[in-house]
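By this note's numbering, the letter at position 365 of the sequence shown is numbered 365, and the numbering carries on one by one without gaps. Okay, structure first, notes after.
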Amino acid sequence: MHHALQIAEITSHIRSFLTVSDLKQCILVCRDWWQTFEPLISREVTISFRRVDSIFGPRGAPANDDDEAWEQLNYEQEDTLIPRQPSAISLIRHRQEVRSLDGFSIQLSHIPFSNLRNIVLTSGQLSDEDLTPWIRFLRGCEQSLQELELAGFRVLPLSKFWETLMDLPRFRSLKVVRGWVEEKEQIKAFWKLCSKLETLKIYSAHFPNVWGDNNSYPIPDLSNMKELLLSGIEMRFERQARIVAQCGQLRRLWWKTSTSKYKEAKNTAPLFQDFALSGRLFHLEAVRLNDGLAEAVDEVLSTWLKKVGCVQGMPWSPEILSTVQENVPRLTELCVDGSEDESRQLVLLLLASCPCLRTVKTSLMKVSDMVALTPQGWACTGLRRLKACFEVDKVLGMDREEGNRFVLQLLSTLTELDVLILFSGRKNYSAAPGVCDEQGLKICLASGLDTLAGLKYLRGVALPDHQSWTRAELDWVKKHWTRLTDLAGINQHNLSAEKGLEEELGRRGLSSACDPDDFDDLYPSNLLSVYDFHGPD
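Set out below in structure tokens:
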């Protein structure tokens, strides 16, 4: 649920939802109704409602208070009596109450809040006068409330609000989408609350430097934190790093920032050395380091790689790989968006040492790095999803074709793959005849496509910038990748690049690859998509 008054889009059983004694979820819109807890429908919501003829009743049913229309409808249905239920129009007209089938009225204040587990507050403000009823409301949920989401607030609530949440024994999850923290006491109470949380997600919130000196307010103890997401928040990088380093039981870490600075990153390097090698990453299952962290994280990674014994340009010993595996034995998902040396090395190091990896997404992997650092291959032979850019750069004693075959041979060992997304590092890549990316990976029958015949579980494939498929290659795909449901590379460009397929389309009287059903004898029978395929997020 994402909006209190869009319940109609969430469930068609609104009546049973509102009257059950064990209400598990309720969405409250924070506008002007704090004292009575009655919904005030905004213009935006009204527009959304008016797009639906009838929310609760049969499609096309008249408004709830249109007596003549209901009589006519029931007359037309003969013996079948359609119960009158609230429609979009009637909901807008009856703001103070929702009338249901038997005519009783219900206000939000009458819902059994003692069973409320999840609240989402959107688009509003919490001023001093608003806090009193809200605090009373939260205390009424004391034994049940577990999750809270604040979305679209200009200023986040004052300290008393966070202190009240701190007193709720079952409260474990907080999500903040935008908002501004203005006072020192406010931020103290906020982070004190975070010390009891297991899940914290912050998107685009602004935390000014209200702490002054680094020692003026201690970083909270986040030893209980299991899932942490910091995305685009305005806070000094060093402060963010200290927050991450305080987590003791992390299972999922999503970290995206645009505030990184070289000096701040350098100061945090010792933090991450201790963080990574102290056993606090033992439970880590998924990590994403995204845009804006490249410069800062690379500085941290550089010192960490040295700490575990990695030497620039030298293959990693079994002892190094064993050390890394012991510290992150449960890592299953890795996403690192960075093309600098340290970022590339980190990805390769984890690929070579973490056998549990199932999903990997990365910006760039160079063949020269792979040959120098992981000549023995990768440990994650059970990898299921791979999204990467391979750069076939110059390697001593290896030409471009050999580098291409090296990558294909490596991919052939990942026999559990079901999604393979490969893309080119050059934005203006062209797959037209005679034009190619000199450093890009090329996969075709001539370059060794047969090497990948053992990938029997592939369901989705996209080659670098959707390289065009020849008729012979499509026949090969049909024979070997029989489970494919998504295959990128059949598009308008392909029609002009591959004469054989164009002629085949002409014989069928088709001008474009509009429908996979038109290619029954070209593709696997269960293929669903032949357009751009980017894979799951």
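Yeah, the Cβ is synthetic: ideal placement off N, Cα and C, and Gly gets one too.
Cβ separation of residue i and residue j, assumed to be a contact under 8 Å, to the nearest whole Å
{"i": "Lys361", "j": "Cys335", "result": "4 Å"}
Nonlocal neighbours in the same chain, by C-beta distance under 6 Å from residue i, ignoring five residues either side
{"i": "Leu408", "result": "Gly448 and Thr451"}
{"i": "Val181", "result": "Leu156, Ile187 and Phe207"}
{"i": "Met166", "result": "Leu193"}
{"i": "Ser195", "result": "Pro220 and Asp221"}
9 Å Cβ cutoff met for residue i and residue j
{"i": "Leu168", "j": "Glu185", "result": "no"}
{"i": "Gly313", "j": "Ala352", "result": "no"}
{"i": "Leu349", "j": "Met365", "result": "no"}
{"i": "Leu200", "j": "Glu227", "result": "yes"}
{"i": "Arg170", "j": "Gln146", "result": "yes"}
{"i": "Arg172", "j": "Leu197", "result": "yes"}
{"i": "Glu149", "j": "Ile119", "result": "yes"}
{"i": "Cys247", "j": "Ser223", "result": "yes"}
{"i": "Leu422", "j": "Leu441", "result": "yes"}
{"i": "Ser159", "j": "Glu183", "result": "yes"}
{"i": "Pro318", "j": "Thr374", "result": "no"}
{"i": "Arg280", "j": "Gln249", "result": "yes"}
{"i": "Leu321", "j": "Val287", "result": "no"}
{"i": "Ser302", "j": "Glu238", "result": "no"}
{"i": "Gly460", "j": "Val419", "result": "yes"}
Beta-carbon contacts of residue i that lie in its chain and below 8 Å, excluding the five residues immediately before and after
{"i": "Leu417", "result": "Leu383, Arg384, Arg385, Leu386, Leu411, Leu455, Tyr457 and Leu458"}
{"i": "Leu230", "result": "Ile202, Gln240, Ile243, Val244, Trp254, Trp255, Lys256 and Thr257"}
{"i": "Glu285", "result": "Arg251, Arg252, Arg330, Leu331, Thr332 and Glu333"}
{"i": "Asp213", "result": "Confidence in Asp213 is poor, its pLDDT being 45 and thus under 50, which makes the residue's placement unreliable; the coordinate value appears in the next sentence. Answer for Asp213: no residue qualifies."}
{"i": "Asp393", "result": "Lys366, Val367, Ser368, Gly403 and Gln439"}
{"i": "Phe406", "result": "Val367, Met370, Val371 and Met398"}
Closest Cα partner of residue i within the set the options
{"i": "Pro329", "options": "Pro355, Ala151 and Thr164", "result": "Pro355"}
{"i": "Ile135", "options": "Leu484, Glu163 and Gly309", "result": "Glu163"}
{"i": "Leu289", "options": "Phe153, Leu445 and Glu333", "result": "Glu333"}
{"i": "Val367", "options": "Glu391, Leu165 and Leu281", "result": "Glu391"}
{"i": "Ala446", "options": "Thr470, Trp191 and Ala151", "result": "Thr470"}
{"i": "Ser424", "options": "Glu326, Leu174, Pro464 and Glu238", "result": "Pro464"}
{"i": "Met225", "options": "Arg251, Ile233, Glu402 and Gly232", "result": "Arg251"}
{"i": "Asp221", "options": "Gly232, Glu234, Leu121 and Trp191", "result": "Trp191"}
{"i": "Glu401", "options": "Met370, His283, Leu165 and Ile443", "result": "Ile443"}
{"i": "Arg154", "options": "Met166, Phe161, Val176 and Phe137", "result": "Val176"}
With 16 other Cβ atoms within 10 Å as the buried cut-off, status of residue i
{"i": "Gly309", "result": "exposed"}
{"i": "Arg139", "result": "exposed"}
{"i": "Ala488", "result": "buried"}
{"i": "Thr132", "result": "exposed"}
{"i": "Arg344", "result": "buried"}
{"i": "Ala189", "result": "buried"}
{"i": "Arg358", "result": "buried"}
{"i": "Asp399", "result": "exposed"}
{"i": "Gly397", "result": "exposed"}
{"i": "Val477", "result": "buried"}
{"i": "Val311", "result": "exposed"}
{"i": "Asp486", "result": "buried"}
{"i": "Gly403", "result": "buried"}
{"i": "Gly152", "result": "exposed"}
Beta-carbon proximity list for residue i, same chain, < 7 Å, skipping 5 on both sides
{"i": "His480", "result": "Ala453"}
{"i": "Ser363", "result": "Asp337, Gly338, Ser339 and Cys389"}
{"i": "Ile219", "result": "Arg242, Ile243 and Gln246"}
{"i": "Thr323", "result": "Val308"}
{"i": "Ala472", "result": "Leu445"}
{"i": "Val395", "result": "Val367, Ser368, Val371 and Gly403"}
{"i": "Gly232", "result": "Tyr203, Ser204, Lys256, Thr257 and Ser258"}
Residue i Cβ short of 8 Å to the ligand ZN heavy atom set
{"i": "Phe390", "result": "Ligands are entirely absent from the displayed structure, and the ligand ZN is therefore not among its contents."}
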